Amino acid sequence: MPATEWGWQITPQELEGWIMERRGDVLVVNKPPSVVCHPSRHGPWSSLVGACKEYLGVERLHMPMRLDRETSGLMLLAYSHDAGSRLQRAMFRGRVRKTYLAILDGTLDRAVTVDQPVGPAAGAAFFQRQAVVTEGGRAAVTEFVPLRTEGGYTLAEVHPLTGRRHQIRVHAAWLGLPLLGDKLYGRDDSLMLEFMQTGYSPEFEAKLAFRRQALHAAEAVFRTELGEEVYRAPLASDMAEFPFTPRR
Numbered sequence: 054m055p056a057t058e059w060g061w062q063i064t065p066q067e068l069e070g071w072i073m074e075r076r077g078d079v080l081v082v083n084k085p086p087s088v089v090c091h092p093s094r095h096g097p098w099s100s101l102v103g104a105c106k107e108y109l110g111v112e113r114l115h116m117p118m119r120l121d122r123e124t125s126g127l128m129l130l131a132y133s134h135d136a137g138s139r140l141q142r143a144m145f146r147g148r149v150r151k152t153y154l155a156i157l158d159g160t161l162d163r164a165v166t167v168d169q170p171v172g173p174a175a176g177a178a179f180f181q182r183q184a185v186v187t188e189g190g191r192a193a194v195t196e197f198v199p200l201r202t203e204g205g206y207t208l209a210e211v212h213p214l215t216g217r218r219h220q221i222r223v224h225a226a227w228l229g230l231p232l233l234g235d236k237l238y239g240r241d242d243s244l245m246l247e248f249m250q251t252g253y254s255p256e257f258e259a260k261l262a263f264r265r266q267a268l269h270a271a272e273a274v275f276r277t278e279l280g281e282e283v284y285r286a287p288l289a290s291d292m293a294e295f296p297f298t299p300r301r
């Protein structure tokens, strides 16, 4: 993505490489890390939604799934009212099963289900930070299934059964197994502030062991009036190539 006076810009060629298919009136995209979903002040080509609207020549897109900037993987963008409504109804009725892949900083030796309420973290330095809370939180349930454990890390399949803000990241941290590269919920509380002040540097990246939060949206199964709609996105290359060697 080239830098311009409008900030980082997605090129049409890049976007075409991220589009996996058009299914009916749904654009299926494998979002890379570092790409924001929502339109920003830097113009339409600075976000995934804005770029897709320009690419398709439409004024509106329905986005039933949203990903954080650093999270890679499956994004669905419906460009008709009927398709958007169909997917949104399934979300509202709880008829969607999502699968994520995550690299956890630590060893998870068995499958575990976390059933802990999530809400704003009291006294947090950053307003967006969430936490497991005893009062005022919303019900949240996440399943973690280890797929590979090596070098002090775990590749896990993750199923969020509810949709709370930062739910996977909060529950992983609650387990004592934060996502690798997570600056907000990782083991060192000072990293997010350092990142806000200085940005990336080789020294900063070495503290993380991974440039971003190691989370990828891999699959979503929607049960709609058309039947079972299955969408998948292959694992991002940075996570697929992670060496799982012990940190020095």
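Mapped onto our numbering, the consecutive letters of the sequence shown carry residue numbers 54 to 301. Beta carbons: idealized from backbone N, C-alpha and C, even for Gly. Keep in mind it's a predicted model, so treat the numbers as computed, not measured.
Under the rule that a run must span 3 or more residues, the beta strand (DSSP E) segments found entirely inside the segment 114-187 read 125-131, 149-158, 165-168, 171-173 and 183-185. Between the segment 82-90 and the segment 118-129, the count of C-beta pairs closer than 8 Å reaches three or more; the two stretches touch. In this structure the segment 91-104 lies against the segment 59-71, because at least three pairs of beta carbons, one per stretch, are closer than 8 Å. Beta-bridge partners assigned by DSSP to residue 270: 126 and 153. For a cut-off of 8 Å, the C-beta gap from residue 286 to residue 270 is around 6 Å, short enough to register as a contact. DSSP, read as helix, strand or coil, puts residue 289 in coil.
In this structure, DSSP gives residue 237 a state outside helix and strand, which the three-state scheme calls coil. Minimum Cα-Cα distance from residue 294 among the listed residues 156, 151 and 94 corresponds to 156. Within the model, the alpha-carbon separation for residue 197 versus residue 209 is close to 6 Å. In this structure, residue 195 keeps its C-beta atom at 8 Å or more from the C-beta atom of residue 149. When DSSP states are grouped into helix, strand and coil, residue 222 belongs to the helix group. Annotation: the continuous alpha helix (DSSP H) that includes residue 102 extends over 101-109. For residue 259, the enclosing alpha helix (DSSP H) covers residues 255-261.
With contact defined as three or more Cβ pairs closer than 8 Å, the segment 265-282 and the segment 135-145 are in contact.
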